Amino acid sequence: MTYNVTAETIEPHITPRTRAIIVTHLFGNPCDMKPILELAASKSLPVIEDAAQAFWAEYRGQRVGTIGDIGCFSLQQGKHMTSGEGGIVVARSIEPYSRRMTLFIDKAWGYGDPKPDHYFLAPNYRMTELQGAVVLGQLGKVERVVEARVQMAAIMDRLLEGVPGVQIPKVTAHSKHVYWKYCVRVDPDVIRGGVDAFGRYLAERGIACAPRYIQKPAFMCQILRDQVTFGKSGFPFRGPHRAGLPPVEYRPEDYPGAAKALAEVCVLPWNEKYSEEDVEYIAGVVKEAANALR
Ligand SMILES: Cc1ncc(COP(=O)(O)O)c(C=O)c1O
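Each residue of the sequence shown is one higher than the one before, counting from 140 in the working numbering.
This is the structure we're talking about:
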């Protein structure tokens with residue numbers, strides 16, 4: 140299990156109102172893009188790649204974020220590279236995407252145009268030039284950051300291979316995983332107390348892991364579940380603009396993979412500064428936990 144969406148999991152959710160397919164290369168492991176691109180082409184839909192966690196990851200020799208129509212990278216403090224906050228968006232073409240995005244982040248003002256105006260309603264999402272300078276510095280380092288993480292992950296894989304009840308990350312075929320985090324799958328049929336007991340065991344030994352990652356799928360968070368937005372309006376889930384359309388519903392049974400993944404995943408922190416000894420320590424505690432809880 141890679142925890143990523145696939146063409147098979149996306150297809151049943153496409154409706155006549157679908158405008159784009161968004162895929163996330165979760166934890167730095169690329170999605171299997173070929174079937175996804177084929178599906179998107181068959182429905183004439185653009186593909187947006189969320190590569191927030193996947194700087195320099197590759198799929199069939201191509202960097203993720205440059206495979207679909209639009210690629211998004213996060214510069215939030217915990218990512219492979221950062222400027223504190225901010226992000227980078229790349230697009231296949233100037234029209235319509237790049238031009239529209241450039242306008243969108245800067246209140247849609249037509250700088251440089253003969254008769255500039257606000258062309259549409261848009262926010263001010265500008266990063267500062269100081270942040271931009273930091274990003275340029277970080278770009279020079281990101282390859283080394285990624286390589287160090289990959290190297291240490293290979294050691295971790297070797298040390299954990301075959302530990303009963305704990306599965307090492309499954310890398311997508313033809314891909315380079317860049318290990319934003321190192322995630323193990325904890326088999327609740329083998330490990331007593333499942334991922335929660337496993338996470339507690341690790342935390343007590345100084346490994347600040349995240350069993351169940353974000354705890355619950357986004358669609359179970361109250362904003363999406365109860366649709367409490369913009370006062371009592373419920374916009375955009377409810378309102379006159381949806382007249383004649385079916386209600387917006389996120390039913391857990393429609394997303395079985397998300398619930399299963401969160402119930403079994405334990406996210407281990409990963410870092411380019413890890414030494415072999417650090418990795419050996421973490422692997423040692425993981426094995427110890429698996430033995431103690433079996
Ligand atoms: C997969 C993924 N997508 C999107 C985001 C959002 O990025 P940002 O915080 O830069 O807006 C994050 C994390 O922050 C993320 O991990």
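We treat Cβ as the ideally placed atom computed from N, Cα and C, and that holds for glycine.
Values in this document were obtained by computation on a predicted structure and should not be read as measured data.
query, result
"Would you check whether ligand 1 has a heavy atom nearer than 6 Å to the C-beta of Q215?", "yes"
"Report buried or exposed for N410, applying the criterion of at least 16 other Cβ atoms within 10 angstroms of its Cβ.", "exposed"
"When the Cα of D417 is compared with those of M240, T241, A287 and A191, which residue comes out closest?", "A287"
"Considering just the uninterrupted stretch of the beta strand (DSSP E) at L407, what are its terminal residues?", "V404 to L407"
"In chain order, what residues of the same chain have a beta carbon less than 6 Å from the beta carbon of A400, not counting five sequence neighbours either side?", "Y142"
"Kindly indicate which residue of R331, Q366, L363 and Y321 has the alpha-carbon position closest to the one of I346.", "Y321"
"Relative to the C-alpha of A190, which candidate in P169, P155, L176 and I175 has its C-alpha closest?", "P169"
"My understanding is that G167 touches A196, with C-beta atoms under 8 Å, so please give their C-beta distance in whole angstroms.", "5 Å"
"By the DSSP assignment, the alpha helix (DSSP H) with E177 in it spans what residues?", "M172 to S181"
"Report all residues from its chain with a CB closer than 7 Å to the CB of L332; omit the five preceding and five following residues, and keep chain order.", "The sequence shown places Gly at residue 332, rather than the Leu named in the question. The residues are L432."
"Ignoring anything shorter than 3 residues, give me the beta strand (DSSP E) runs that lie fully in the region 177 to 229, in order along the chain.", "186 to 189 and 209 to 213"
"Give every residue of the same chain whose Cβ lies closer than 7 Å to the Cβ of L178, excluding the five residues on either side of it in the sequence, and list them in chain order.", "A146, I149 and E150"
"Which of the three DSSP states, helix, strand or coil, is assigned to A382?", "coil"
"Which partner residues of Y321 appear in the DSSP bridge assignment?", "L407"
"Since D245 sits in a beta bridge, which residues does DSSP pair it with?", "N263"
"Could you check the C-alpha separation between P253 and L242 for me, to the nearest Å?", "15 Å"
"Using CA atoms only, rank isn't needed, just tell me which of D208, Q215 and L214 is closest to E234.", "D208"
"Could you tell me which residues DSSP pairs with V162 in its beta bridges?", "E188"
"Do you know offhand how far Q361's Cα is from G378's?", "18 Å"
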